[in-house]
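The next block holds one structure in the form of structure tokens; read it before the comments.
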Amino acid sequence: MALCLYLVFQKGFQSIAGFNFGAKKLDRVRESIHFSIKITTGFCLLLSIICAVFSKNIISIFADNNQEVISTGIQAILMQSFSFVFFGFYTVYSSLLLALGKVKEGFFLGLCRQGICLIPLLIILPSVLGKTGILISKPVADIISVFITFIFVRITSKFLKETENKIREDFMINLLF
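Be aware that the sequence shown starts at 1, since it is given in this note's numbering, and climbs by one per residue.
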């Protein structure tokens, strides 16, 4: 339920960023990026804290008093809660890239967390670390995705700056003619 609320916010951000980019209001695009990262990170942090604090209660619903399942489930939730804080950051940038018309980059970043990073880790880490490898695969994939997102942040910032300069140049040319 909480993720549905988050996804609605994310799609709203994508629409606002795309509209303002199309309207050449890059200051509003930047404002929406900063606002969205603050809101989504705060939301993900709150959700992570709630899941971590109530991890035993959450797992107990599904575990049928099996202590091994409860113990493993608590570990999994705690590890996932640690890295879920970053979820808002990279999904905002994935949505931003799509809004800016950078479809391949946005698709890649969206696929990065659940596919490109996670699948190889799920194959490699359990064979090396056993059950622990399974438990840490998702958080490690999240952290790798954050670093990849930082690369796209730099590229996107440069793109927005270049676009802003082009808009100014076009404006000046239109004033002269």
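Note that CB positions come from ideal geometry on N, CA and C, so glycine has one too. Fair warning: this is a prediction, and the values are worked out from it, not measured in the lab.
Output needed for residue i: all residues of its chain with C-beta closer than 6 Å, excluding positions within five of it in sequence on either side, in chain order.
i	result
Q10	T91 and S95
L125	G133 and S137
L47	A2
Excluding the 5 residues preceding and the 5 following residue i in the sequence, name in chain order all residues of the same chain whose CB lies nearer than 7 Å to its CB.
i	result
E164	L26
F86	D142 and V146
V153	Y93
Rounded to a whole number of angstroms, what is the C-alpha to C-alpha distance between residue i and residue j?
i	j	result
L97	I77	30 Å
I186	Y6	The question about residue 186 has no answer, for the chain in this structure spans 1 to 177.
S32	D170	24 Å
F84	Q14	20 Å
L45	S55	15 Å
H34	F159	17 Å
V53	E162	45 Å
I134	P120	11 Å
G110	V103	10 Å
I190	G73	No answer is possible for residue 190: it lies beyond the span of the chain, which begins at 1 and ends at 177.
S117	A23	Correcting the residue identity first, residue 117 is Cys in this sequence and not Ser. Answer to the nearest angstrom: the Cα atoms are 35 Å apart.
G130	R30	44 Å
F108	I49	29 Å
Can you name, in chain order, every residue of its own chain whose Cβ lies under 8 Å from the Cβ of residue i, other than the five neighbours on each side?
i	result
F89	I37, T40, T41, V146 and T149
C51	I58, I77, Q80, S81 and F84
Report task. For the region 98-109 and the region 13-26, state whether three or more C-beta atom pairs, one from each stretch, are separated by less than 8 Å. Result -> yes
Query raised in the report: If you scan the region 117-145 from start to end, which runs of the alpha helix (DSSP H) of 4 or more residues do you find wholly inside it?
Result: 118-129
**Report entry** Whole alpha helix (DSSP H) elements within the region 67-94, 4-residue minimum
**Finding:** 67-84
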